Amino acid sequence: MRIVIDMGHTPTSPGASGYLDELECDRQIGERVIAELQRRGHTVYNSTAPDWMAYPDEVNHRVNYTNSLDNIDLFVSLHLNAGGGHGTEVLYFAGDDTGWYYADKISRNVAKCFGVTNRGAKANDWVG
48 MRIVIDMGHT PTSPGASGYL DELECDRQIG ERVIAELQRR GHTVYNSTAP DWMAYPDEVN
108 HRVNYTNSLD NIDLFVSLHL NAGGGHGTEV LYFAGDDTGW YYADKISRNV AKCFGVTNRG
168 AKANDWVG
């Protein structure tokens, strides 16, 4: 598969803090995910924005970079949000059965690996 990984936020827009440092955790997780996917034979692209880039430019960067690539099978943006519930959830583009399949599988496995609540695959019309 051809997979794009985005490691969430940048230092100028660091995300959640308090119980964890989202920026640092996203980067640590992202490096491990990329290495494991490559070890399994996948072609992996990193769409993480440069450190100096703030929101919303960081979002535009990851979208433009990903859209410049051909034949991408999966896009993953890593985030560890601080609000709106506890556990793991994975967003996918509403109406995309393949997206639902992977979102559901990823959410179940993350919940199992970390012993957290599986909030499931969530359809959105702004993801994609």
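The sequence shown: position 10 = 57 (my numbering), numbered continuously.
Ideal Cβ positions, reconstructed from N, Cα and C, are used throughout, including at glycine.
Computed from a predicted structure; not experimentally measured.
Legend entry - Status (buried if at least 16 other CB within 10 Å, exposed otherwise) for residue 142: By the neighbour-count rule (16 or more Cβ atoms within 10 Å), residue 142 is not buried but exposed.
Legend entry - Sub-8 Å separation of residue 178 and residue 155 beta-carbons: What the structure shows of the chain is the stretch from 48 to 175, and residue 178 is not part of that stretch, so it cannot be assessed.
Legend entry - For residue 61 and residue 175, the rounded distance between their alpha carbons: Residue placement at residue 175 is poorly supported in this model, since its pLDDT is 49, which falls under 50; the coordinates still yield a value, given next. Looking at the two C-alpha atoms, the distance is approximately 22 Å.
Inset, instruction - In angstroms with no decimal places, state the Cα-to-Cα distance between residue 65 and residue 126. - result: Roughly 15 Å separates the two Cα atoms.
Legend entry - Alpha carbon of residue 86 to alpha carbon of residue 77, nearest angstrom: When rounded, the distance between both Cα atoms is 14 Å.
Inset, instruction - Classify residue 70 as buried or exposed, calling it buried when 16 or more other Cβ atoms lie within 10 Å of its own Cβ. - result: Of the residues assessed, residue 70 falls on the buried side of the cut-off, its CB having 16 or more other CB atoms within 10 angstroms.
Legend entry - Reduced DSSP secondary structure (H/G/I, E/B, other) of residue 77: Three-state DSSP puts residue 77 in a helix.
Legend entry - Residues near residue 146 by beta carbon distance below 7 Å, same chain, minus five either side: Answer for residue 146: 139 and 140, listed in chain order.
Legend entry - Nearest to residue 176 (by Cα), restricted to the options 81, 157 and 122: Residue 176 cannot be examined here, being either before or after the span of the chain that is shown, 48 to 175.
Legend entry - Residue closest to residue 128, alpha-carbon to alpha-carbon, out of 48, 57 and 63: Looking at the Cα atoms, 63 is the closest of the given residues.
Legend entry - Proximity below 8 Å, CB of residue 48 to CB of residue 120: Note that the C-beta distance between residue 48 and residue 120 is below 8 Å.
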